[in-house]
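Protein chains in written order, with the working numbering: chain Z, 1279 to 1599; chain F, 1279 to 1599; chain S, 1279 to 1599; chain Y, 1279 to 1599.
These notes are about the structure you will find just below.
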């Protein structure tokens, strides 16, 4: 088991979209992200309180999906230590230049084939005159429109064997498993893991289609449940498709809203209230099949598409090492 | 005393501003109003759930202030009845064409000299393709940005003798006084009156500078206290000047935020929760000097500018009869 | 068509419950009502900002249901006028003593058989030392626990022919129909009517079981959507059954939560934001079958029990004239 | 500089009160804490989502104040390491039995004389039938009444030299300084430090009275800004004294409310939205005197008592080693 705190946090996602222009508009008008650059088929977007250069990369592609998830190491030493550990697993790919503003990035996959990048060096977000906040302890001005999403919150992958992928995160990267679904046959149907005091950063859910490398959703943090309700009103009149919610999850107790961005990727807005995992000896919560059958916290039944809809990894892209 | 329910509601205000362009930008970017037309030195703005053609007219002028407040009569008969009543008081001015989308409008002043327009005929708001809401029981699409203000809520005038003006509203227009401040000398320092189930529509506060015809503020309805808190964040990074709040008034218990629009007029955002005046025999609440000295509901002391800052009426404009 | 504004507001409901003690506990612990008296098999409960003596009567009975709905007339003259009008319809029953604190009450039914009481004289709520609010423009102290419900908001009846009952309210009592569901065959499946600036006070929905006199739900006003979310958390840990919600209605745009009180009656918590009906020439909104098939505002599908569960009127009680 | 992550989190405070019974009632009725035990002059209180045995100890004393602050080490090894480090500073006191449910506790003071206890072994909160939550990933049932406070959030000490105390936390315990006030003369007027991803856990503010060992306030986490507004309404009618707020701090951007508990200690309710410190290379924010003169985030001026009111440490108690 790797030591905790070597991964500082989930930092960035690169999403694929077949409708780049519309997906960008969704990110700016609905999520309240700001375009901070573009290059070729990629557009870089920043959430208003992300200290880093950008939060999300949208990349034009023939299908929706997730290309890569970036984690930031806690220090140069932690980066070296984790790369060594990854290399012993056979899942390492090699070093790449990294996203704009991100330093040298070590690429690897989880056992299910989702690609990750791990880096330490990071350029901090530089405001323009227009995006300079009134308070200097904030990354950028609070957007008037959209949700607005404060920062990336978590990524929920689909995978063949959530238990194996959870083990990879725990053993190699030092994640903590906070909650999981344990089926009656003893297998793990889903696992929530964290690198921080947030109750989860990376989640694996069993892929009901038996596929590898798919994305269930990425989530952005909203500042309050009230903001998520307001986002529903905005979604309604912007024509954003709401899949399910708003409601509160039983697992992790997150207040949620699930929408699809125009490219087809599922996006969650989430807020956990003041919930944090502070206990160093956290007692992992295992949910049984019977408990899961009760639906969400306040009784909402999980809808069918939630069990099937996912977007694939970019397995046909030439890997950029 | 005039019968109640002849005035349907406060409908529209025409504000003066020496900085038309900036005031318009404040209305669109901060309040979340939409420009629905302009003509000469006037810009017409619509709040997203106002059923009428427009909610606010901004008019370029050499000083900030209020030109006119419009009330909508409950019926053609009510209009005729109220005009007759006004004419007996000597405060009548005469008929005018009215704002765009408003039918024939009878102009008059209150005893303090604030100009009013009373009308019945009204064009309903027509959506464009872009402003059409998803739900047809809503006037226009919910704006993604700004507060957004749902509708005009109330007007608070400054005046030499609030009691006389209150009497005018009650006796001639059928208003109900719901709360007032009664000084130890028996004079009325402020009076809150309503034509509806809202706890106030028009307010008179004694002008501490002894002037006539000034405006203390106009107020827009926000859907929740949470929206007003969010508006504070937006104001901070848009450079909107917050005079006082957010806090809750002791009188009327309205949750409030006071800002100045760039022209200098004070604008309130307000939310009363689910408070309504339903009792047909409402027991008017009289606040004493001692009670007022306690500050606002949760203890905030009223700041000095709140007692002095006001913007004048357009007394030098040629009246447009 | 009766003149508007003769009925001041929906004032009170008498509910039947087979589990009086548990229903009372639900009202105090979950809704945040206060017991203000009891007599025989009846318990009187007060919502914290109701100006009247009490808001709800719970009455022990062998089944759940609604015994009577009280409306307050706008004046003694309005009371006489409406009683005269009712008597011409054949639906009048006669005068009764009324609830404690309510003056002489004229009993009648709607065409579907739901019993109503109409009165004018009303005792205002008298605080005890313990329930005295800090601010004197409030009926009673704000409860620390439960929702808390500010006041009764509306009653939604089930009935054989919503259109006939709507006509009765409009023609005899002066209600305004603000929205309705118009089926493809031209019949009215549901109608929302109001006596106030609230967008609805009394609602009729077609009874899918073909029964008469049943109740769909009564609703209490919560001050914000945030309070309703909080109520969900309270419900979860108090074991209150949540039927559906929280979500936002397409019709009337009310944010809602539906629960069952222990006796079996459906109770709604509702909040419309700052929405009011101010137009004296309101354009009634007719929803088609196709539009209704879209579910609630943000996409929630209406659950089955919502179409069938109702609680009957007390048709076997000896009427107390 | 000590390694980070050896202190898991701020865990518990022991407060002194001259009015034990009233202070307990404040904690249960207003804060929504639960009494989970008592012994002699001490009452143990639990916040609903605290995983530990109790969150706060109230101790009868002749004056208000703070007796001790507990920190939980991240592991047995971390506990040993920190105790060794503390002992080299001369601020160590020795081992004690600890609070009920807390294992062996090492006592020490900061340079200013505030007493701390550091421990690792911890009993998890055991629910009774009555406090068992519906969801098993929650420590105890959500209270219907009061704020309710989810957990202890931070402690703000007054001290002669905030810089020295900050250094102690950083050098000996591995805290990170996230923000501070740097006066024009180069001295540190206040410093915010954290052991977690929360933006602060322990704060030192210069004591304007030049005293040592005093407490400015302890803070409890509320789940939303809406909950804090609601708490204002509850405070008003429970007679809880509100010192200042609700408003948003410029420093750390926390939404806040300050009240005094009946014993005289200042208590804060706080909510930071979704703000977290995730950057491993966080750029400390230093506020200048000029920046501080601007007041709070939305313009509220800091009131006088905020600069002076504090409650002392129990320096006359026999230390219990």
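Every residue gets a Cβ at the ideal spot worked out from N, C-alpha and C, and that includes glycine.
Please report how far the alpha carbon of residue i lies from the alpha carbon of residue j, in whole angstroms.
i                       : j                       : result
residue 1516 of chain F : residue 1531 of chain Y : 17 Å
residue 1360 of chain Z : residue 1450 of chain Z : 7 Å
residue 1479 of chain Z : residue 1506 of chain F : 31 Å
residue 1238 of chain S : residue 1428 of chain S : The structure shown does not extend to residue 1238 of chain S, since chain S is modelled only from 1279 to 1599, so the question has no answer here.
residue 1438 of chain Z : residue 1591 of chain Z : 14 Å
residue 1528 of chain S : residue 1390 of chain S : 26 Å
residue 1417 of chain S : residue 1325 of chain S : 9 Å
residue 1312 of chain F : residue 1541 of chain F : 18 Å
residue 1597 of chain Y : residue 1344 of chain Y : Any answer about residue 1597 of chain Y is weak, because its pLDDT of 47 lies below 50 and its placement is not dependable; what the coordinates show is given next. Straight-line Cα distance between these residues: approximately 13 Å.
residue 1443 of chain Z : residue 1388 of chain Y : 44 Å
Would you mind telling me which residues of chain Y sit closer than 7 Å to residue i, beta carbon to beta carbon, in chain order?
i                       : result
residue 1504 of chain S : 1502 and 1504
residue 1512 of chain S : 1420 and 1422
Using the three-state DSSP reduction, which class does residue i fall into: helix, strand or coil?
i                       : result
residue 1516 of chain Y : helix
residue 1298 of chain F : helix
residue 1220 of chain Y : Shown here, chain Y extends from 1279 to 1599; a query on residue 1220 of chain Y therefore has no answer.
residue 1328 of chain S : coil
residue 1447 of chain F : helix
residue 1556 of chain Z : coil
residue 1287 of chain Y : strand
residue 1496 of chain F : strand
Quick check: is the beta carbon of residue i nearer than 8 Å to any beta carbon in chain F?
i                       : result
residue 1429 of chain S : yes
residue 1573 of chain Y : no
residue 1563 of chain S : yes
residue 1453 of chain S : no
residue 1520 of chain Y : yes
residue 1359 of chain Y : no
By the criterion of Cβ-Cβ separation under 7 Å, what are the contact partners of residue i in chain Z?
i                       : result
residue 1369 of chain F : Under the 7 Å cutoff, chain Z gives no residues; its nearest Cβ is about 42 Å from residue 1369 of chain F.
residue 1515 of chain F : 1411, 1412, 1419 and 1420
residue 1327 of chain Y : 1553
Drop a sphere of 10 angstroms on the beta-carbon of residue i, count the other beta-carbons inside from all chains shown, and report buried for 16 or more, exposed for fewer.
i                       : result
residue 1405 of chain Z : exposed
residue 1468 of chain S : buried
residue 1441 of chain Y : buried
residue 1366 of chain Z : exposed
residue 1435 of chain S : buried
residue 1492 of chain F : buried
residue 1508 of chain F : buried
residue 1565 of chain F : buried
residue 1599 of chain S : Note that residue 1599 of chain S scores a pLDDT of 38, beneath 50, so its modelled location is shaky; the value from the coordinates is reported in the next line. The residue in question, residue 1599 of chain S, is exposed, as its Cβ has fewer than 16 Cβ neighbours within 10 Å.
residue 1471 of chain Y : buried
residue 1586 of chain Z : exposed
Using a cut-off of 8 Å between C-beta atoms, extract the partners of residue i located in chain F.
i                       : result
residue 1585 of chain S : Correct list: empty, because the minimum Cβ distance to chain F is about 21 Å.
Any C-beta of chain Z sitting closer than 8 Å to the C-beta of residue i?
i                       : result
residue 1422 of chain F : yes
Let me see if you follow: with CB-CB separation under 8 Å, is residue i close to chain Y or not?
i                       : result
residue 1419 of chain S : yes
residue 1481 of chain S : no
residue 1507 of chain F : yes
residue 1526 of chain F : yes
Using a C-beta to C-beta distance shorter than 9 Å, which residues of chain S count as neighbours of residue i?
i                       : result
residue 1314 of chain Y : Under the 9 Å cutoff, chain S gives no residues; its nearest Cβ is about 17 Å from residue 1314 of chain Y.
residue 1530 of chain F : 1415
Using a Cβ cut-off of 9 Å, pull out every chain F residue sitting near residue i, in sequence order please.
i                       : result
residue 1408 of chain S : Ordered by position in chain F, no residue passes the 9 Å Cβ test against residue 1408 of chain S, which lies about 20 Å from the chain.
residue 1287 of chain S : 1475, 1554, 1556, 1557 and 1558
Determine the chain S residues that contact residue i at a beta-carbon separation under 8 Å, and present them in chain order.
i                       : result
residue 1307 of chain Y : 1422
residue 1551 of chain F : 1428, 1501 and 1502
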